[in-house]
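Residue 12 is where the sequence shown starts when you use this note's numbering, and the numbers rise one by one after that. Where is the CB? At the ideal position from N, CA and C, for every residue including glycine. Computed from a predicted model, the values in this text were never measured in an experiment.
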Amino acid sequence: QKETVGRGDEIKDEIFIKQFRGVDPAKCKIALKESGGNIDAISGSTISTEAFCKALQRAIDLYNKEK
12 QKETVGRGDE IKDEIFIKQF RGVDPAKCKI ALKESGGNID AISGSTISTE AFCKALQRAI
72 DLYNKEK
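Rendered as structure tokens:
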């Protein structure tokens with residue numbers, strides 16, 4: 012799968028970030044919709060979006076383990 016150069020930068024944009032605001036990680040699967048989650052991928056940037064979701068889910072899991 013190819014990634015469009017520069018498209019991964021859109022994970023910093025409000026339209027992407029707002030998907031995560033107010034989300035309860037215990038009730039939401041932090042993964043792409045195509046993988047059964049609740050997050051819309053950025054067109055042309057599926058790899059970056061998926062990597063971001065995996066990193067965020069890992070951080071949530073570590074936080075929950077340590078709290």
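(message) For Ser56 and Lys76, I'd like the C-alpha separation in whole angstroms.
(response) For Ser56 and Lys76, the distance between alpha carbons rounds to 30 Å.
(message) Would Ala37 and Cys64 qualify as a contact pair, given that the criterion is a beta-carbon distance under 9 Å?
(response) No, the Cβ-Cβ distance between Ala37 and Cys64 is not below 9 Å.
(request) Measure how close the beta-carbons of Thr60 and Ile53 come, nearest whole angstrom, since I'm counting them as under 8 Å. (result) So it is a contact: roughly 5 Å between Cβ atoms.
(message) DSSP three-state label for Ile26, please.
(response) Helix at Ile26.
(request) Could you name the residues that DSSP lists as bridge partners for Ile50? (result) Its beta-bridge partners are Leu43.
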